[in-house]
Amino acid sequence: MSLTSIYHTGPVTALHCHGNIILAGIGSQIHVYSIHNTKLHQSIDILPARVVHGIKQVFDDGASTKLCVFGQKCLRLVEVNDLSLTIKPLNDPLEFSDWIWDVSWIQDSLSSRLLCLALGHNVIVTYDVDKFSITNSVHCQEKCILYCAKFLTSKSDCVILASGTVFNQVVIWSAQSTVNTSGRVEPFHRLTGHQGVIFSIDYNETLKLICSVSDDRSIRLYKVKFPGENTGQSLEDWEKMETSLLHVLYGHSARVWDVKLLSTSFVSVGEDSTCCIWSYEGKVLKNFKGHKGKSIWSICVDKGEHFVITGGGDNSVRLWNLHHEDRENKDKLTKSVDFQLEEDDFPRNTMLLDVDRILAITNAGKLVLYNQKSGQCSHLMSDEKFGSYTVMSVSPTSQYIAIGNIHGTLRILHVSEASMFDKGQYGKTDVQVHDGKLFSIVWIREDTVLTTAAQGMVNMWKITNHDDEINVDMTFTFILPPSKHCWVSTATIALDDTRIVVGDRTGSLFLYKLIEEKKTGELVQTFPKIHGKAGATFLCCCDNHVYSAGRDGMYRMFVWTEVGELELLHNNRVCKSFEWLEKLEFTDDDDIHIYGFYTNMFIIWSVRQNQKLLEIECGGGHRAWDYRCHGSSAAFVYVKTREVKVTNVEMRSNQVIVKKCLHGRELCDAKHICLGYDGNDLPVNVIVTCSEDTSVCLSVLTYENGIPQLDVYHNLTGHISTVRCLYVCSSSQAIKQAPAAQMENPNIHRKLIFSGGGRAQLRVLIIEVKFLNKVNGEKNKIKDADNIRGTTNSKTCDKDNSCTTMGNVERDTSEQLQKCVNVHENTVVEHIHSDKDSFKANTTYENNDSDLLDICDKNVKGKVEYEIDYICLAGLQLSELKRKCKKLWRQPFNNSDPETRILDLSVVTPNELGQKESRSLYFISAACSDGYLRLLAFDEMSRVLTLVASSPYHDHCVLKTSHVILPNAHMTQPCDQDHVTESDQWPVRVVILSAATDGKVAFWDVTEICKEFTSTYFSESLENTGKKGSKVEQKLLDMDPFCDLELHQSGINSLYFGKYSDEEYVLVTGGDDNAVHVNIVTIVTDVVTQVKVIAKGQNTNAHSAQITGAWYVMKDYIVTASIDQRICVWKLMLQNSVIQLKMIGCVWTSVSDVANMDVWKEKTHYCLLISGNGMEIFRLELCDQSEEVVMTNVQSSHKTICNTWAITQTKLVL
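Under the working numbering, residues 476 to 1689 are what the sequence shown spells out, in order.
In structure tokens form, the structure reads like this:
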């Protein structure tokens, strides 16, 4: 048998930059990335059963570079191959008696090669790598626990260590100082002042600066002064040194984890996920905010100090350009435009025809054009009718300019050629739209424009041009519902021009059906104030979806239904306090750029990079403005103090995502959704995860060239608190799609995902996964299901639904970063190497492809194409059941109970109940933290969630729930499943299990309740058919368990119940008491449902911490997972009703705080999905012949250097 890790992702705890590669420590592994194209070349398990905390270069002998990788009490030397961009271990892991905080090479040692180690209780150890032995160990008199340590210098006669103690001090001492009578060395200097423990220390030898960061959020910078002209080369210089405090700095909103001193600045990272760049004068030069969630754990800087690399708790690695701000300030130039106007005239509105040509309409009715390249100004029009009040809009590709005035006149100007137009030669025509003023002009496409007049009168105009003769014909007209600001602010047309969606200034969206015969629009759907009260600003129809944005800080996605109406699919908030959104732009690199205003700034925000790309001070959005971008050049114009100002910038991103993120916080649960296979018969797994960051992620794990790679395709943020649990089951319905989206799919999976969490919130999603296996050798392009935008990936959709080509954003590294490709394959690489007769966990995975090509442009043999679509079907908060919501598009979020949390879910599907396919009723058991077990019903057809029954039986927090479907032994005659009248006519019985903190497992027969609810629900549904807004009212039923088993001393954190034999079931539980209990039971359903225990067994010391995952994988085998980071495989041996549990294998997982485990089968083996602070997938192969206990990757497997400093000699190749 074997248990092998095939994929892992987690917090990035160590980073090192060497030449053209980045080495990232994630768990026990080192991942090697190329800086040029962010490609992952290798993933290797360096410190099994440990966490990598540091990577340091120890020496370079000219032939190759040697690095020391250390973490916890273990270290290992590796060699870097600069050609293949890989590393090779040089020795077995060496374990010492205490935590290793820092490692340094003794620079001037001639006789041997020595390493200095700073250990966790303020001890300096010297290790000879040639003789494989400890040569010296020195203890400091300050023998408290250290939180950090840093070697300030490491020479054979002068090894200086700065130790950050638990007593808020930095203690500086030397291994060469005189030993006192107690055999310890007194420190010769102390740095005090911090109000918390010291987390990191750094020293710049050139500048003679020491910096420390602390739990108190402060950064303290010290100047070191040596006596006379000395430079600190000797021990005497250090013992006589003096320090002066230069700065006490506060720039982080939480604890500061690490700091690096550079030649002209220094860098700090902290718990607030911010990377701050400081000047040595104490000023924050820039803040890099791209990591999600909590904490940037690691940091490194390249040798040339061109960029800084950060690794976060969100599992991502990001590269930041240190000199981006300097170039941006140099390239960003704001100036006033001189339109050569008369003294009493001034601009009222301004637009951009392109990045160089600025258009303005003045108070006197003059239309003027300024060309930035030539510096020339042209007066195109002068008409007093367009004075005082004017609305102006430019078509998507700048072929037409529409101008409206207070008299209801619409003037269309045709821009045939730029050179001719600049000289004032253009075609024009006027249309009298209304007797009163025009309130808005909105372009739908290049030849179609909407105008809004008084009382919400909207006209759609078709523009044609023949031989410079412009014709404007009205095609449709309709009226907006009455409101305070009744005019169109944005619009889009869809479904073969049969529907138009418009947004108004009050934040509402309206859907109209365009009737060709009557030339009118019929209002069919309304979303009142969906974008708040400040207005809807953007609409865009992409493929089968509609995107909207507004000044409420939200952008939303809608999907078309079969009847031609819109259904809200997803709500997205960009970031805190960013409320004014104006436009969404979909880029070629699968990103969404969001334009808007924050306070007095114009902002462009990258959703993928989670940071600002551009910030221009303009005074806010309550003014005329416009923005255009072509390639890397961009221009922003706005009116301020009766002047048109233009800011020209070069759009360069200061961030490159080397490794993508998953969640910003710890995972609470992860479930496998479905399995497919690519052209090479390799598995493609779709996984759903939930987290404390309130999001649910849909991810796909695929293989390319044998390399597993994880892509997050959807990040759903509908929950308002922590998402604690997930449940996946098959759907009885198909996702509704437009006919144009239908395509040949040999493999389609439709699943329902139930998610529960804080605020007693429950949500239901339906997803559809399509696999399309292409012919080998055919180039496949994965569609980005996160946006589901089809052909709009390379388009820029502005607030008028205009689409213009958008160039790729440049990225810089060093002098000028090469253009980096955003690659989907930026995830952990691990090949599967397993021995069926033993456990294999120490494996090296690498890709030696030296041809650094853009992976996205490769023809990958056997690659699979897949799509993932989803719809949010329902949402419910248990405390909101009685509240009536007038806005049907909004789910009830307010006034929720902050105490109750849904901790686990189990769902009974219609197929399990034996219902006909027309039935779509699911029964959900919810384990709640308030001590209640609740039973809910969900109708997939009507998308209604109903609370059916509840019970406070446990009187303790209910942690887990499960269910089983039993044959109804009391059934006397065949039943008509369409007209169920008596419970004994059901072919099955529904039994729910619940486990709580009282250590009991309760059994509930809810067949009667399900029968009663089903009968009432469908009968009343038939009566209410056709009644708009009708809802079936149900009374809340009571339920009681028919049996309970007291198994554990305290809480039960894992519960599995499944088939053991034809009539027997196996119950596996794991609890807070570290015990595993296994019971084989039968459930009798003759007259009264009863549970009979046939055999039972337990292991009270199965793990050294609470057990959070337990699973019965096959006959007589179970798997358990625990907080102690061990995955154990047990064999059940049954003798005389007694079950003995024999451990046959145990491996260590890199996932800390293990929260849950899921299991699925792939062909002949099982896959274990472990979630917690990270995620790891194991491959489990079982065979009955192997019963010998095999321990792999557990701490006891390492040789330990004991207190006598003896070490087993191992061959070390240097």
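Built from N, CA and C at the ideal position, the CB exists for glycine as well.
query	result
Sequence-distant residues of its chain with Cβ nearer than 6 Å to residue 1091 (five each side left out)	1077, 1111, 1122
Between the CA atoms of residue 916 and residue 976 - distance to the nearest angstrom	15 Å
Rounded separation between residue 1079 and residue 1096 - CA only	13 Å
Check whether residue 673 and residue 654 have beta carbons under 9 Å apart	no
Straight-line Cα distance separating residue 1018 from residue 1108	29 Å
Identity of the residue in 856, 830, 755, 848 nearest residue 837 by Cα	856
Limits of the beta strand (DSSP E) - the one that residue 770 falls within	Unbroken run through residue 770: none, as it is neither H nor E.
Residue 1134 classed as buried or exposed, judged by whether at least 16 other C-beta atoms fall within 10 angstroms	buried
Cβ neighbour criterion (16 or more within 10 Å) applied to residue 658	exposed
Residue 1585 burial status per 10 Å Cβ neighbour count (16 or more: buried)	buried
Alpha carbon of residue 714 to alpha carbon of residue 663, nearest angstrom	6 Å
Straight-line gap, residue 1637 to residue 1158 (C-alpha atoms, nearest Å)	8 Å
Exposed unless 16 or more other CB atoms sit within 10 angstroms - verdict on residue 1481	buried
First through last residue of the alpha helix (DSSP H) which encompasses residue 893	893 to 897
Pairwise C-alpha distance: residue 637 and residue 647	4 Å
Beta bridge counterpart(s) of residue 1529 as assigned by DSSP	1545
Proximity below 9 Å, CB of residue 1566 to CB of residue 1621	no
Which residues DSSP lists as bridging residue 500, in chain order	489, 505
Own chain, CB closer than 6 Å to residue 881, minus 5 neighbours either side, in chain order	864, 912
9 Å Cβ cutoff met for residue 522 and residue 544	yes
When 1476, 519, 1012 are compared against residue 965, the one with the closest alpha-carbon	1012
Residue 1633 - partner residues in DSSP beta bridges	1644
Beta-carbon spacing of residue 984, residue 1041 below 9 Å	yes
DSSP state of residue 1111 mapped onto helix, strand, coil	strand
Three-way DSSP call (helix, strand, coil) for residue 1386 in this model	helix
Residue nearest to residue 1439 in terms of C-alpha spacing, selected from 1022, 823, 1381	1381
Whether residue 483 touches residue 1656 by CB criterion (9 Å)	no
As assigned by DSSP and simplified to three states, the class of residue 755	coil
Cross-strand partners of residue 563 (DSSP beta bridge)	554
Within the region 699 to 742, ranges of the alpha helix (DSSP H) (whole runs, at least 4 residues)	710 to 714
Nearest-angstrom Cα separation, counted from residue 1376 out to residue 1436	14 Å
Alpha carbon of residue 1370 to alpha carbon of residue 1353, nearest angstrom	The pLDDT assigned to residue 1370 is 40, lower than 50, so where the model puts this residue is not dependable; a value taken from the coordinates is nonetheless given after this. Each residue's alpha carbon lies about 11 Å from the other.
Backbone CA spacing between residue 1503 and residue 1069 [nearest angstrom]	Because residue 1503 carries a pLDDT of 43, less than 50, the predicted location of this residue cannot be relied on, and no value is offered for it.
Residue 1596 beta carbon less than 9 Å from that of residue 1530	no
Residues that residue 974 bridges to, as DSSP identifies them	969, 988
DSSP three-state assignment for residue 1154, whether helix, strand or coil	coil
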